[in-house]
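Count along the sequence shown starting at 1, add 35, and that's the number in our numbering. Backbone N, C-alpha and C define an ideal beta-carbon position, used for all residues, glycine too.
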Amino acid sequence: MKLSYSRTLLWALLPVVGTSLNAAESLVQSNVLEDDHAYETVSHTDQKEDGYILGDGWKVTGDLRAGYVTYDYSNDPKNFNPDVNRGHKDSRGFYVIPKISITSPTFNGFSFKITGAGVTDFGINDELYESRTFAFGDGASYAILQEAYVKYVNGGHTFLAGNYELSTPMVDADDWYLLANTFQGVYYKNTTIENITFAGGYVYQMAGVWDGGATNAHRFHSIADQSYVDKRDKDNAGDAGMWAGMFQYQKDEHNLQLWDYYAVDLYNILFAQYDYFGKFEGGNYDAGAQFINFKEVGALASNNYTEIDYSIFSLRLDGKFDNGFDFSTGAAFYTDGPGATETLGSWGGYPYLANGMIFHFFEAGNLRNANSYKVQLGYDLSQVVTEGLWIGARFTYFDLDPKYSISSLNDLGQDSQKNYGLRVSYNHPDGYYFTGTYEYVDLDQQPTISALRLIGGYKF
36 MKLSYSRTLL WALLPVVGTS LNAAESLVQS NVLEDDHAYE TVSHTDQKED GYILGDGWKV
96 TGDLRAGYVT YDYSNDPKNF NPDVNRGHKD SRGFYVIPKI SITSPTFNGF SFKITGAGVT
156 DFGINDELYE SRTFAFGDGA SYAILQEAYV KYVNGGHTFL AGNYELSTPM VDADDWYLLA
216 NTFQGVYYKN TTIENITFAG GYVYQMAGVW DGGATNAHRF HSIADQSYVD KRDKDNAGDA
276 GMWAGMFQYQ KDEHNLQLWD YYAVDLYNIL FAQYDYFGKF EGGNYDAGAQ FINFKEVGAL
336 ASNNYTEIDY SIFSLRLDGK FDNGFDFSTG AAFYTDGPGA TETLGSWGGY PYLANGMIFH
396 FFEAGNLRNA NSYKVQLGYD LSQVVTEGLW IGARFTYFDL DPKYSISSLN DLGQDSQKNY
456 GLRVSYNHPD GYYFTGTYEY VDLDQQPTIS ALRLIGGYKF
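Encoded structure:
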């Protein structure tokens, strides 16, 4: 499918508008994790954080996080084979991630926030086994001024400029791992019309180890440099950023979102999603449909280094029963066009409705012309054990096209990838949280893959 879009569409960078504008978080009201790559505890506002009041409205908040992660690709670095599982190496490590914020009171509509964060292993990890933990950008502990922004609010008008974590479908803080992405930019949001939100903005730079394609991605680099396109396309785009715009209509059972992201001299992303929230005897549900189109533009479209021209159609049905059980299902259909490897997951966006719990497109040769299907069953143990405790299991099946998904081990086509995931999450009302996730991958024409993530902390 070939589509083209006008540059006049602008985009919203909305870290403070709440979860309703993030398709990955627009879910049946429950404490079940729907976004495949975000913790239940993640909040892009200060509303859930009491913090410490310093006086006259000044507030200190924090997130003291620690995590142990291990990835088994059947490819030990001491006996490394570049053809096994695309050259991914077995990795493991323990990390501590402190984050402290200071938020000002509001002065005539103006306020500001500063957040300092860091990642360290205190030198206890074996560097040979850290290539896939994505904790460090250059193999060493680091600290970063993650947020430093000014916000102005007046009635239904909001303006923000600076460094900040942002929450949108395709460009996102992606705080599911060790340290969230952060972005430099500006946006304007308007909510003066009942049931309607629209906004526009520009993001210039990004820092984010997991989702960034730049060298030493933990530092700020341009949106172009942090993309996954060919280096020659990055060089052609230079220090280009991204314009985008959004429109949302939300009333009663209906929620419609339209987003357009224009990454200058790279590619355009059109995102659309509709959700219907309904009830049945003994529970409620969310039925949704999603469309995403990726199309090369500008300098990238005028050469043959990277080709981007494909779409994803997705459906989901999620629900929660009053007895504590919940379910989540999804299906995604990728068109026969190039660019999936160079675009999926760029800049932290993971709104796809049929992911694994940990793995998705990173392991298969290619998702071009593929389909994926997800089914998840969970149970809220709040009334049985303790409040905030949830367990769940997920199966995701990737129906790959062996014409495009080629094994790095033997150059044979891959027909399928099967993901089996288990998760336990706990969120205490006082701010303590923990999420443990294990996933096993059976990928055609490759040795088995598995991963375990144990990440928890304390928010105040």
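For this session: Pick helix, strand or coil for Ser65, following the three-state DSSP scheme.
Result: Here residue 65 corresponds to residue number 30 of the sequence shown, with the count starting at 1. Low per-residue confidence applies at Ser65: pLDDT is 29, beneath 50, and the placement is therefore not dependable enough to give any value.
For this session: Have a look at Ala334 and Val206 and give me their C-alpha separation to the nearest angstrom.
Result: Within the sequence shown, residue 334 is the residue found at index 299, counting from 1. Within the sequence shown, residue 206 is the residue found at index 171, counting from 1. About 21 angstroms.
For this session: Please report the residue range of the beta strand (DSSP E) in which Asp270 lies.
Result: As a working mapping, residue 270 is identified with position 235 in the sequence shown. It is not in any beta strand (DSSP E) - Asp270 instead sits in the alpha helix (DSSP H) that spans 266–272.
Exercise. Going by beta carbon distance, what residues of the same chain come within less than 6 angstroms of Phe469, once the five residues before and after it are set aside?
Worked result: Within the sequence shown, numbered from 1, the residue matching residue 469 stands at position 434. Closer than 6 angstroms at Cβ, skipping near neighbours: Tyr461, Gly491.
For this session: Starting from the C-beta of Leu489, find all residues in its chain whose C-beta is less than 7 angstroms away, skip the five residues before and the five after it, and write them out in chain order.
Result: Within the sequence shown, numbered from 1, the residue matching residue 489 stands at position 454. So the list reads Gly102, Tyr103, Gly471, once near-sequence residues are dropped.
For this session: Can you tell me which of Trp93, Ser109, Ala215, Asp85 puts its alpha carbon nearest to the alpha carbon of Ala486?
Result: Along the sequence shown, read from residue 1 onward, the residue named residue 486 stands at position 451. It is Ser109 whose Cα lies nearest to the Cα of Ala486.
Problem set entry | Distance, Ala272 Cα to Ala259 Cα | Working through the sequence shown from its first residue, we reach residue 259 at position 224. Working through the sequence shown from its first residue, we reach residue 272 at position 237. Approximately 6 angstroms between the Cα atoms of the pair.
Exercise. Going along the chain, which residues of its own chain have a beta-carbon closer than 7 angstroms to the beta-carbon of Pro482, five neighbours each way excluded?
Worked result: In the sequence shown, counting from the first residue as 1, residue 482 sits at position 447. Cβ within range, chain order: Ser109, Val119, Asn120.
Problem set entry | Nearest to Ala375 (by Cα), restricted to the options Asp357, Thr364, Glu398, Gly365 | The count along the sequence shown starts at 1 and reaches residue 375 at position 340. Per the Cα distances, Glu398.
Problem set entry | Proximity winner among Asn225, Phe394, Asp436, relative to Tyr369 (alpha-carbon distances) | Counted from its first residue, the sequence shown places residue 369 at position 334. Taking only the C-alpha atoms, the option nearest Tyr369 is Asp436.
Exercise. Which class does Asn143 belong to by DSSP, given the choice of helix, strand or coil?
Worked result: If you number the sequence shown from 1, residue 143 lands on position 108. Three-state result, Asn143: coil.
Problem set entry | Cβ-based burial, Gly354 [other Cβ within 10 Å; buried from 16] | Along the sequence shown, one-based indexing puts residue 354 at 319. Looking at its Cβ environment, which holds 16 or more other Cβ atoms inside 10 Å, Gly354 is buried.
Exercise. Looking only at its own chain, which residues have a Cβ that is under 6 angstroms from the Cβ of Ser146, when we skip the five neighbours before and after it?
Worked result: Along the sequence shown, one-based indexing puts residue 146 at 111. Answer for Ser146: Ser139, Lys186, listed in chain order.
Problem set entry | Integer Cβ distance of Asp450 from Asp479, believed to fall under 8 angstroms | Position 415 of the sequence shown holds residue 450. Position 444 of the sequence shown holds residue 479. Indeed, because the Cβ distance is near 5 angstroms, the residues count as touching under 8 angstroms.
For this session: Give the straight-line distance between the Cα atoms of Ile327 and His463, rounded to the nearest whole angstrom.
Result: Stepping through the sequence shown from its first residue, residue 327 is reached at position 292. Stepping through the sequence shown from its first residue, residue 463 is reached at position 428. Those two C-alpha atoms are separated by around 36 angstroms.
For this session: Would you grab the beta carbon distance between Glu498 and Phe315 for me? Rounded to a whole angstrom, and I think it's under 8 angstroms.
Result: The structure shown has nothing for residue 498, since the chain only spans 36 to 495.
For this session: Give the C-beta separation of Tyr199 and Val221 to the nearest angstrom, bearing in mind that I take them to be a contact with Cβ-Cβ under 8 angstroms.
Result: As a first step, residue 199 is located in the sequence shown; it is residue number 164 there, counting from the start. As a first step, residue 221 is located in the sequence shown; it is residue number 186 there, counting from the start. The Cβ separation is near 10 angstroms, so there is no contact.
Exercise. Which of the three DSSP states, helix, strand or coil, is assigned to Val119?
Worked result: As a first step, residue 119 must be located in the sequence shown, where it is residue number 84. If DSSP states are grouped into helix, strand and coil, Val119 belongs with the helices.
For this session: Mind checking which residues open and close the alpha helix (DSSP H) that includes Thr232?
Result: Locating residue 232 in the sequence shown gives position 197, where the first residue counts as 1. Unbroken run through Thr232 is the beta strand (DSSP E), 231–242; no alpha helix (DSSP H).
Problem set entry | Residue environment, Asn538, which counts as buried when at least 16 other CB atoms sit within 10 Å | Lying outside 36 to 495, the shown extent of the chain, residue 538 is not represented and no answer is given.
Problem set entry | Residue span of the alpha helix (DSSP H) that contains Ala336, given as start and end | In the sequence shown, counting from the first residue as 1, residue 336 sits at position 301. First-last of the alpha helix (DSSP H) with Ala336: 333–336.
Exercise. With 16 as the cutoff for other CB atoms within 10 Å, does Ile88 come out buried or exposed?
Worked result: As a position in the sequence shown, residue 88 is number 53, starting the count at 1. By the 10 Å Cβ count, Ile88 comes out exposed.
For this session: Quick one: measure Cβ to Cβ for Gln285 and Asn225, integer angstroms, because I've assumed they're closer than 8 angstroms.
Result: Here residue 285 refers to the residue found at position 250 of the sequence shown. Here residue 225 refers to the residue found at position 190 of the sequence shown. Not a contact, Cβ separation roughly 14 angstroms.
Problem set entry | Straight-line Cα distance separating Asn189 from Thr105 | For the purposes of this step, residue 105 is taken as the residue at position 70 of the sequence shown. For the purposes of this step, residue 189 is taken as the residue at position 154 of the sequence shown. Near 47 angstroms, if we compare the C-alpha coordinates of Asn189 and Thr105.
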